[in-house]
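*Asks:* Quick note, the sequences are listed as chains A and B, same order. Per the numbering used here, the very first residue in the first sequence carries number 1; after that it's consecutive. Per the numbering used here, the very first residue in the second sequence carries number 1; after that it's consecutive. Yeah, the Cβ is synthetic: ideal placement off N, Cα and C, and Gly gets one too.
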Amino acid sequence: MEGIPLLHILILSTTLFFMGIYGFFTRRNLITMLISIELILNSVNLNFVVFNKYLYPERLEGIFFNIFIIAIAAAEVSLAIAIIINLYRKFNTIDIEDTNTMKH
Amino acid sequence: MNISILVLLLPFLTFIFLAFFGKKLSGIKAGIIGSLSTGIITLVAGIMIFDYWGSHNGQGPQVLFHFPWLTFNEQLSINMGLLIDPLSVMMVGVVTFVSFMVHLYSIEYLKGEDRYGSYFAYLSLFTFSMLGLVLSVNIFQMYVFWELVGVSSFLLIGFYYQRPAAVAAAKKAFIVTRFADLGFLVGILMLSFETSTLDIPAIIERLTSPEALSTGSIKLHMVGGLSTISIAMFLIFIGGAGKSAMFPLHIWLPDAMEGPTPVSALIHAATMVVAGVYLVARLFPVYFMITPGVLEIISWVGIVSALLSAMIACTQTDIKRVLAYSTISQIGYMMFSLGVTSYAHGDTLGYTASLFHLFTHAFFKALLFLTAGVIIHAVHSNEISHMGGLRKSLPVSHIAFLLATLAISGFPPLSGFFSKEAILTATHHAHPVIFWLAVLGSSLTTFYMLRLYFLIFWHKPAGMGKHHEHILFSLPILILTLGTLINGFIPFGNFISAIAGPTPVVVDLSMAAIPVGASLLAMLIAALWYARPTSYPDKIAQSVKNLYQWTSKKFYFDELYLFITHKIIFQLIGRPIAWFDRTVVDGTMNAMAWGSTQLSHAIKNIQSGNVQSYAMYFLGGLIILAGTLLYAFGYFM
Chain A
1 MEGIPLLHIL ILSTTLFFMG IYGFFTRRNL ITMLISIELI LNSVNLNFVV
51 FNKYLYPERL EGIFFNIFII AIAAAEVSLA IAIIINLYRK FNTIDIEDTN
101 TMKH
Chain B
1 MNISILVLLL PFLTFIFLAF FGKKLSGIKA GIIGSLSTGI ITLVAGIMIF
51 DYWGSHNGQG PQVLFHFPWL TFNEQLSINM GLLIDPLSVM MVGVVTFVSF
101 MVHLYSIEYL KGEDRYGSYF AYLSLFTFSM LGLVLSVNIF QMYVFWELVG
151 VSSFLLIGFY YQRPAAVAAA KKAFIVTRFA DLGFLVGILM LSFETSTLDI
201 PAIIERLTSP EALSTGSIKL HMVGGLSTIS IAMFLIFIGG AGKSAMFPLH
251 IWLPDAMEGP TPVSALIHAA TMVVAGVYLV ARLFPVYFMI TPGVLEIISW
301 VGIVSALLSA MIACTQTDIK RVLAYSTISQ IGYMMFSLGV TSYAHGDTLG
351 YTASLFHLFT HAFFKALLFL TAGVIIHAVH SNEISHMGGL RKSLPVSHIA
401 FLLATLAISG FPPLSGFFSK EAILTATHHA HPVIFWLAVL GSSLTTFYML
451 RLYFLIFWHK PAGMGKHHEH ILFSLPILIL TLGTLINGFI PFGNFISAIA
501 GPTPVVVDLS MAAIPVGASL LAMLIAALWY ARPTSYPDKI AQSVKNLYQW
551 TSKKFYFDEL YLFITHKIIF QLIGRPIAWF DRTVVDGTMN AMAWGSTQLS
601 HAIKNIQSGN VQSYAMYFLG GLIILAGTLL YAFGYFM
């Protein structure tokens with residue numbers, strides 16, 4: 001491929017990262033927050049692969065790390081779903097505004 | 001001589017044992033244990049006496065078990081050790097013997113008391129402390145034991161702690177002596193500054209050895225015209241005066257009679273109250289050679305105490321109070337006898353006479369208190385008005401009391417005659433004014449003691465039948481009576497002497513006629529007024545109404561002290577300090593607490609329970625961290 005400059009792809013991954021963070025802060029639905037977290041993880045993934053391909057093409061560590069992140073993201077999502085299910089059993093809602101009882 | 005350590009060890013172990021197990025011992029076992037231990041140390045004391053004067057005659061003092069306890073710097077340290085010299089050996093003998101008699105007496109006197117074991121524990125503690133005091137080689141060690149004796153006295157005076165009067169008396173005794181001990185401590189510190197040592201033999205050596213005196217190697221620092229050594233010795237004397245109940249620190253001793261009578265016999269007659277005399281005698285070379293001015297003050301304090309307390313004793317109606325004031329008076333005699341001793345005229349009789357009187361006084365005063373205990377036990381009251389005509393009811397006590405009274409009045413051939421005449425002879429040579437005051441005091445002594453005797457044993461027809469006197473009361477009384485009879489014939493000057501050789505205690509018979517004559521006159525007056533109910537005492541009291549008022553109210557000393565403490569010290573010092581504590585100190589603490597609470601109210605909303613705001617703080621921190629790292633690694637150039 002004709003060299004897409006590294007910078008452009010990094011801008012893309014940074015944008016995705018901050019979009020994920022924005023989503024985590026502002027969404028009220030717990031599942032939607034989970035999706036935002038996935039977005040964060042995937043943007044980081046993109047970062048790793050891009051650095052690997054452009055700066056160290058003969059090595060594979062970045063791609064290996066990518067596979068790790070995918071696996072860990074999967075495990076983390078299952079854990080998060082378990083927490084959401086327990087929260088639902090207590091509060092009967094998955095709105096995060098209603099789960100703020102651990103306060104002063 | 002290593003057996004001497006037993007004299008300290010045994011009472012201490014008895015105290016520990018009885019303190020822990022005394023409650024579990026039934027009946028009189030605690031008393032038997034206490035008496036056994038005291039009996040053993042009396043034997044040891046006897047061995048020490050025979051050994052010291054048998055083999056060491058003229059060999060001078062020994063120091064055993066000398067070890068540093070607390071070191072300030074290379075030269076100055078507080079050492080602990082035993083000093084065996086004539087004075088300490090004599091005191092050990094007196095203390096152990098009287099303690100043994102009191103133990104035997106107490107077995108029966110306090111039988112049935114709840115805290116029987118505690119009583120004997122406290123007695124053992126006292127014996128240990130007093131023996132430690134007299135055997136001390138270091139003046140700070142003596143101070144430690146001095147305070148221990150004060151504590152034992154407090155515990156024993158306040159033994160019947162459910163009685164508010166006893167508690168108040170114990171507090172008063174401890175506070176007054178503690179206040180005097182402040183002077184003692186400051187005196188010790190000043191003295192150690194001058195001499196760079198706290199060991200008594202070393203102090204005496206450095207200040208009074210011939211080389212020191214001639215070369216003037218001890219430079220005297222002067223403060224306002226007085227040398228610091230004079231001030232130091234005077235302060236040390238104040239400590240002694242507090243413990244020995246000299247004016248004006250005498251107020252605690254009459255109140256201390258709230259304790260059980262055997263305690264009064266042991267502590268407040270024979271042993272603890274002579275600690276002040278012992279202290280002055282111990283440091284006597286310094287007092288005499290370096291600070292003769294303080295010795296003059298000591299003489300006057302002694303004679304004033306002797307005379308004023310004799311006057312007060314004439315009007316008291318509680319038997320133990322009379323004996324208490326009598327004790328103050330006799331100790332006054334011992335003090336001024338030390339005060340008028342003069343090496344210069346080669347006449348050191350005063351020193352020997354004072355300690356001879358200490359020795360004989362221990363016997364007859366303890367005897368007086370123990371017989372008073374029997375009388376109080378029989379009549380169930382301390383007031384003289386409840387007694388009278390007891391001579392058939394208490395025969396043993398009667399004879400003993402009579403002999404002790406004659407001894408304290410100085411009638412020959414009882415022991416009191418020899419010791420008192422020795423004091424008066426010494427005073428006659430040195431200080432005529434004090435001599436005549438002392439003769440006056442002596443006749444007053446005879447008067448009030450015989451007044452007491454007649455009011456108790458005569459005065460009224462016999463009120464009760466023969467009262468059984470238990471053997472454990474009679475035995476100590478008889479032994480002490482024997483002592484009172486024969487002590488006068490001991491050639492005391494061969495044993496206790498301020499100079500290298502013996503001091504002859506000769507009684508100048510022609511001069512002795514004056515005080516003995518005055519005493520006979522006093523005795524006749526007392527017999528005339530009190531042997532049968534007469535109106536003489538009341539008539540005389542009416543005619544000298546003011547004087548009578550003042551003496552029967554003990555010269556208003558207690559009222560004076562209460563005024564000073566309540567109106568002056570509490571109002572002017574206590575109240576402002578309390579205000580400061582409440583307002584400033586507590587105020588600061590409260591303000592700090594208030595500040596913390598306000599701060600916490602302000603920031604508590606951070607914990608909102610909202611996950612997303614927590615995440616925002618997290619992100620904020622992360623950005624700051626990232627920024628710092630980038631800055632640190634130079635990426636912001």
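Can the beta-carbon of residue 86 of chain B be found less than 8 Å from the beta-carbon of residue 41 of chain B?
*Replies:* Sequence index remark: in the second sequence, residue 86 of chain B carries index 86 (1-based). Sequence index remark: in the second sequence, residue 41 of chain B carries index 41 (1-based). No, these two residues do not count as a Cβ contact at 8 Å.
*Asks:* Just list the beta strand (DSSP E) runs in the stretch 70-104 of chain B, keeping only unbroken ones of 3 residues or longer that don't cross its boundaries, in chain order.
*Replies:* Those beta strand (DSSP E) runs which fall completely within the stretch 70-104 of chain B and span 3+ residues are 77-84.
*Asks:* Determine the DSSP secondary structure at residue 598 of chain B, reduced to helix, strand or coil.
*Replies:* Here residue 598 of chain B refers to the residue found at position 598 when the second sequence is read from its first residue. Residue 598 of chain B: helix per DSSP, three-state reduction.
*Asks:* Report yes or no: do the stretch 446-458 of chain B and the stretch 303-316 of chain B share at least 3 C-beta pairs separated by less than 8 Å?
*Replies:* Taking 8 Å as the limit for Cβ pairs, the verdict is that the stretch 303-316 of chain B does touch the stretch 446-458 of chain B.
*Asks:* Does the beta-carbon distance from residue 99 of chain B to residue 122 of chain B come in below 8 Å?
*Replies:* By 1-based counting over the second sequence, the position of residue 99 of chain B is 99. By 1-based counting over the second sequence, the position of residue 122 of chain B is 122. The answer is no: Cβ separation not under 8 Å.
*Asks:* Grab the span of the alpha helix (DSSP H) containing residue 171 of chain B for me, first residue to last.
*Replies:* The residue given as residue 171 of chain B occupies position 171 in the second sequence. Its alpha helix (DSSP H) spans residues 164-195.
*Asks:* For chain A, find out if any of its Cβ atoms is closer than 8 Å to the Cβ of residue 616 of chain B; answer yes or no.
*Replies:* The sequence position of residue 616 of chain B within the second sequence is 616, counting from 1. Closer than 8 Å: yes.
*Asks:* Using only CA atoms, which one of A:15, A:39, A:55 lies nearest to residue 69 of chain A?
*Replies:* By 1-based counting over the first sequence, the position of residue 69 of chain A is 69. Nearest of A:15, A:39, A:55 to residue 69 of chain A, Cα basis: A:39.
*Asks:* Please compile the residues from chain A whose C-beta is within a distance smaller than 8 Å of the C-beta of residue 621 of chain B.
*Replies:* Taking the first residue of the second sequence as 1, we reach residue 621 of chain B at position 621. Chain A residues near residue 621 of chain B: none, gap ~14 Å exceeds 8 Å.
*Asks:* Taking any Cβ of chain B, which residues in the stretch 20-33 of chain A have a Cβ under 7 Å from it, in chain order?
*Replies:* Correct list: 21, 24, 25.
*Asks:* Is the Cβ-Cβ distance between residue 317 of chain B and residue 383 of chain B less than 8 Å?
*Replies:* To locate residue 317 of chain B, count along the second sequence from 1; it is residue 317. To locate residue 383 of chain B, count along the second sequence from 1; it is residue 383. Yes, the pair counts as a contact, with Cβ atoms nearer than the cut-off.
*Asks:* Return yes when the Cβ of residue 18 of chain B is within less than 8 Å of the Cβ of residue 117 of chain B, no when it is not.
*Replies:* Here residue 117 of chain B refers to the residue found at position 117 when the second sequence is read from its first residue. Here residue 18 of chain B refers to the residue found at position 18 when the second sequence is read from its first residue. Yes, the pair counts as a contact, with Cβ atoms nearer than the cut-off.
*Asks:* Judging by CA-CA distance, which residue of B:3, B:148, B:158 is the nearest neighbour of residue 89 of chain B?
*Replies:* Stepping through the second sequence from its first residue, residue 89 of chain B is reached at position 89. Closest option to residue 89 of chain B, Cα to Cα, is B:3.
*Asks:* Rounded to whole angstroms, what is the Cα-Cα separation between residue 31 of chain A and residue 588 of chain B?
*Replies:* Counted from its first residue, the first sequence places residue 31 of chain A at position 31. Counted from its first residue, the second sequence places residue 588 of chain B at position 588. Roughly 53 Å between the two C-alpha positions.
*Asks:* Are the Cβ atoms of residue 397 of chain B and residue 375 of chain B separated by less than 8 Å?
*Replies:* Within the second sequence, residue 397 of chain B is the residue found at index 397, counting from 1. Within the second sequence, residue 375 of chain B is the residue found at index 375, counting from 1. Against a cut-off of 8 Å, the Cβ pair of residue 375 of chain B and residue 397 of chain B comes out as a contact.
*Asks:* Quick one: any contact between the stretch 144-158 of chain B and the stretch 168-181 of chain B, if contact means 3 or more CB pairs under 8 Å?
*Replies:* The stretch 144-158 of chain B vs the stretch 168-181 of chain B: in contact.
*Asks:* Hey, could you find the ends of the alpha helix (DSSP H) residue 281 of chain B is sitting in?
*Replies:* Looking up residue 281 of chain B in the second sequence gives position 281. Residue 281 of chain B -> alpha helix (DSSP H) spans 275-282.
*Asks:* Would you grab the beta carbon distance between residue 516 of chain B and residue 434 of chain B for me? Rounded to a whole angstrom, and I think it's under 8 Å.
*Replies:* Taking the first residue of the second sequence as 1, we reach residue 516 of chain B at position 516. Taking the first residue of the second sequence as 1, we reach residue 434 of chain B at position 434. About 19 Å separates the two Cβ atoms, so there is no contact after all.
*Asks:* Would you mind telling me which residues of chain A sit closer than 7 Å to residue 608 of chain B, beta carbon to beta carbon, in chain order?
*Replies:* Taking the second sequence and counting its residues from 1, one reaches residue 608 of chain B at position 608. By Cβ distance, chain A contributes 100, 103.
*Asks:* Between the Cα of residue 49 of chain B and the Cα atoms of B:29, B:75, B:7, which residue gives the shortest distance?
*Replies:* Reading the second sequence from its first residue, position 49 is the one you call residue 49 of chain B. That would be B:7, whose Cα lies nearest to the Cα of residue 49 of chain B.
*Asks:* Could you tell me whether the Cβ atoms of residue 200 of chain B and residue 282 of chain B are closer together than 8 Å?
*Replies:* Within the second sequence, the letter at position 200 stands for residue 200 of chain B. Within the second sequence, the letter at position 282 stands for residue 282 of chain B. Cβ atoms of residue 200 of chain B and residue 282 of chain B: closer than 8 Å.
*Asks:* In terms of alpha-carbon separation, which member of B:335, B:440, B:416 lies closest to residue 483 of chain B?
*Replies:* The residue you call residue 483 of chain B lines up with position 483 of the second sequence. It is B:416.
*Asks:* Would you say the stretch 174-187 of chain B touches the stretch 241-248 of chain B, given that touching needs at least three Cβ pairs under 8 Å?
*Replies:* The stretch 174-187 of chain B vs the stretch 241-248 of chain B: in contact.
*Asks:* Could you name the residues that DSSP lists as bridge partners for residue 318 of chain B?
*Replies:* Within the second sequence, residue 318 of chain B is the residue found at index 318, counting from 1. DSSP, once it has assigned bridges, lists B:383 as partnering residue 318 of chain B.
*Asks:* Could you tell me whether the Cβ of residue 96 of chain A comes closer than 8 Å to any Cβ of chain B?
*Replies:* In the first sequence, the residue the question calls residue 96 of chain A occupies position 96. Taking Cβ atoms only, chain B reaches closer than 8 Å to residue 96 of chain A, which makes this a yes.
*Asks:* Hey, out of A:12, A:78, A:21, A:9, whose CA is closest to residue 619 of chain B's CA?
*Replies:* Within the second sequence, the letter at position 619 stands for residue 619 of chain B. Comparing Cα positions, the closest option is A:21.
*Asks:* For the alpha helix (DSSP H) containing residue 462 of chain B, name the first residue and the last one.
*Replies:* For the purposes of this step, residue 462 of chain B is identified with residue 462 of the second sequence, where counting begins at 1. Residue 462 of chain B -> no alpha helix (DSSP H), and no H or E assigned at all.
*Asks:* For residue 420 of chain B, I'd like the list of residues in its chain whose CB is within less than 8 Å of its CB, leaving aside the five on either flank, ordered along the chain.
*Replies:* Residue 420 of chain B sits at position 420 when you count from the first residue of the second sequence. Excluding sequence neighbours, residue 420 of chain B sits near 333, 357, 410, 442, 515.
*Asks:* Could you tell me which chain A residues have their CB closer than 7 Å to the CB of residue 590 of chain B, listed as they occur along the chain?
*Replies:* As a working note, residue 590 of chain B is residue 590 in the second sequence. By Cβ distance, chain A contributes nothing, its closest Cβ being about 24 Å from residue 590 of chain B, past 7 Å.
*Asks:* Spell out a yes or no on whether the stretch 100-111 of chain B and the stretch 25-32 of chain B are touching, meaning 3 or more CB-CB pairs, one atom from each, closer than 8 Å.
*Replies:* Counting Cβ pairs under 8 Å, three or more are found: they touch.
*Asks:* Can you give me the Cβ contacts of residue 401 of chain B inside the same chain, cut-off strictly under 6 Å, excluding the 5 residues immediately before and after it?
*Replies:* Within the second sequence, numbered from 1, the residue matching residue 401 of chain B stands at position 401. Correct list, in chain order: 371.
*Asks:* Between the beta-carbon of residue 140 of chain B and the beta-carbon of residue 188 of chain B, is there less than 8 Å?
*Replies:* Residue numbering aside, residue 140 of chain B sits at position 140 when the second sequence is read from its first letter. Residue numbering aside, residue 188 of chain B sits at position 188 when the second sequence is read from its first letter. Yes, they are a contact pair.
*Asks:* Going by DSSP in three states, residue 428 of chain B sits in which element: helix, strand or coil?
*Replies:* Here residue 428 of chain B refers to the residue found at position 428 of the second sequence. Residue 428 of chain B: helix per DSSP, three-state reduction.
*Asks:* Taking CB distances under 8 Å as the criterion, tell me whether residue 151 of chain B reaches chain A.
*Replies:* For the purposes of this step, residue 151 of chain B is taken as residue 151 along the second sequence, with counting starting at 1. It does not; no Cβ of chain A falls within 8 Å.
*Asks:* Residue 472 of chain B to residue 478 of chain B, Cα distance in whole Å?
*Replies:* Residue numbering aside, residue 472 of chain B sits at position 472 when the second sequence is read from its first letter. Residue numbering aside, residue 478 of chain B sits at position 478 when the second sequence is read from its first letter. One C-alpha to the other measures close to 10 Å.
*Asks:* Below 9 Å on C-beta distance, what does residue 598 of chain B contact in chain A?
*Replies:* Translated into the one-based positions of the second sequence, residue 598 of chain B becomes position 598. Here the premise fails: no neighbours, minimum Cβ distance about 15 Å.
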